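These notes concern the structure reproduced below.
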Amino acid sequence: MELFWIFAVLGLGTFLPRYLPLALWGERELPLVIRKILVYVPVAILTAIFVPEVLMPEGRLFLHWSNAYLVGGLITVAVMLLSKRLLLSSALGIVAFALMRHFS
Amino acid sequence: MSQTDTPRGQLAAGLRTALPFLASAFPLGVIGGMLGMASGLSAGHTFALSAILNSGTAQFLATRLLQEHASTTVILLTILVLSLRMVVYGLALRPHARGFSAGWRLVLGFGLIDAVFFAVIERLKQPANARHWRWFFVGVSGAMYAGWLLATAVGIGLGSALPETMLKGLDFPLVAMFGAMLASTLGDRKTYAVMAVTAVLAVLTNGMPYHVGLLAAALAGASFGAVLDWLQQGQTVAANVEG
Chain A
6 MELFWIFAVL GLGTFLPRYL PLALWGEREL PLVIRKILVY VPVAILTAIF VPEVLMPEGR
66 LFLHWSNAYL VGGLITVAVM LLSKRLLLSS ALGIVAFALM RHFS
Chain E
333 MSQTDTPRGQ LAAGLRTALP FLASAFPLGV IGGMLGMASG LSAGHTFALS AILNSGTAQF
393 LATRLLQEHA STTVILLTIL VLSLRMVVYG LALRPHARGF SAGWRLVLGF GLIDAVFFAV
453 IERLKQPANA RHWRWFFVGV SGAMYAGWLL ATAVGIGLGS ALPETMLKGL DFPLVAMFGA
513 MLASTLGDRK TYAVMAVTAV LAVLTNGMPY HVGLLAAALA GASFGAVLDW LQQGQTVAAN
573 VEG
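In order, the protein sequences belong to chains A and E. Numbered per our numbering, the first sequence spans residues 6 to 109. Numbered per our numbering, the second sequence spans residues 333 to 575.
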């Protein structure tokens, strides 16, 4: 029974932060400053997720060609910039990562 | 592109878009199910947690904290901090949800996860999709949700059958997807500048607990982009006045 309540609380804790910004304040428009910042939110959040994952996979900086996360990540980004094809670029990055893992 | 902006067309496009994301997230979902079992939760509870949260990060964290017998307050606060990023996603989708009913907002809120947000924001760049994009959202998030539940079930079935060394590196497919999405958001010089600033800040703040650094770095980087816009506008105005 205790677990039930923990789950309920956790469910609301993940749901409300996603739901309330969409639902509160009716149709009112957001302040201009916030709208200006939101333009750059996708690139900024993706950078903040991706860069530490590849530069510090174990929690500390690992700037070396033997870092499979870094090599695989760089290949993915480079292929994506050149080809604009999501599946192709992530597949090549994953293959490079797997090869490095296999032969290290 | 002459994509038909009908509910059915958007739903189909959403399902198609979800496939690569689904394939990348699947291994993590399996690990999530295995970790749930390893933490002492029953199969039913592990599955329920996955179904209620619909958030991989929150699920991983919750299982770990439950295993460590952390108090509910600590778990909840952790999850709230983790979900701050979702607040930003919700705010960004808000202008596009004009006139949506309360029910639709519930659907958008529950289905909103990283991959879904970026897929939808990319889709909304084309004004031709504006009318029925909610069905695209249903397609992407519905497929992701179903796939994640399936992955959880597979993980529960495997239990702790696989040794931990085999699980290392299974997070990379999703990392690669985020890298590819990052590359697709890069355009003019300002986006590169935002990326550079955010990258440095994110590495510097990586030690902060519960991904607080991630959010702080991202907000600082995005604000930097807005400042660049503002400076550029100022220059254009000045040039016009002088000319």
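Ideal Cβ positions, reconstructed from N, Cα and C, are used throughout, including at glycine. Predicted, not measured: the structure shown is a model, and the values here were computed from it.
Which residues in chain E sit within 8 Å of A:V59, going by Cβ to Cβ distance?
V507, G511
Between which two residues does the alpha helix (DSSP H) harbouring E:P339 extend?
339 to 370
Is there a Cβ of chain A sitting closer than 8 Å to that of E:I363, yes or no?
By this cut-off, E:I363 is not an interface position.
Listed by chain order, chain A residues near E:L438 by CB distance under 7 Å:
Taking a Cβ-Cβ threshold of 7 Å, the residues of chain A close to E:L438 are Y24, in chain order.
Between the C-alpha atoms of E:K500 and E:A394, what's the straight-line distance to the nearest angstrom?
20 Å
Can you tell me the Cα-Cα spacing of E:L502 and E:A475, whole angstroms?
21 Å
Under a CB-based cut-off of 8 Å, is E:A370 close to chain A?
So, not an interface residue.
Sequence ranges, alpha helix (DSSP H) only - wholly within the segment 395 to 475 of chain E, length at least 4:
404 to 414, 416 to 425, 434 to 443, 446 to 455
At a CB-CB cut-off below 9 Å, which residues of chain A make contact with E:D291?
With chain E represented from 333 up to 575, any question about residue 291 of chain E goes unanswered, as that position is not in the structure.
Can you tell me the Cβ-Cβ gap for E:V452 and E:W465, rounded? I've got them flagged as a contact below 8 Å.
About 7 Å separates the beta carbon of E:V452 from that of E:W465, a gap short enough to meet the 8 Å contact definition.
If we count the other Cβ atoms within 10 Å of its Cβ and call it buried at 16 or more, is E:S334 buried or exposed?
At E:S334 the pLDDT is 42, less than 50, meaning the model places this residue with poor confidence and gives no usable figure here.
Local conformation of E:D503 per DSSP, three classes:
coil
Starting from E:G519, trace the alpha helix (DSSP H) in both directions and tell me its first and last residue.
That residue, E:G519, is in no alpha helix (DSSP H); it is neither H nor E in DSSP.
Where do the N-terminal and C-terminal ends of the alpha helix (DSSP H) with A:W10 fall, by residue?
7 to 28
So which residues on chain A does E:S555 lean against when the C-beta distance must stay under 7 Å?
I42
Based on Cα-Cα distance, which residue from E:G388, E:L551, E:P339 lies nearest to E:T530?
Relative to the Cα of E:T530, the nearest Cα in the group E:G388, E:L551, E:P339 belongs to E:L551.
The alpha helix (DSSP H) enclosing A:M105, as first and last residue numbers:
91 to 108
Starting from the C-beta of A:A73, find all residues in its chain whose C-beta is less than 6 Å away, skip the five residues before and the five after it, and write them out in chain order.
F102, M105, R106
Which of the three DSSP states is assigned to A:W70 in this structure?
coil
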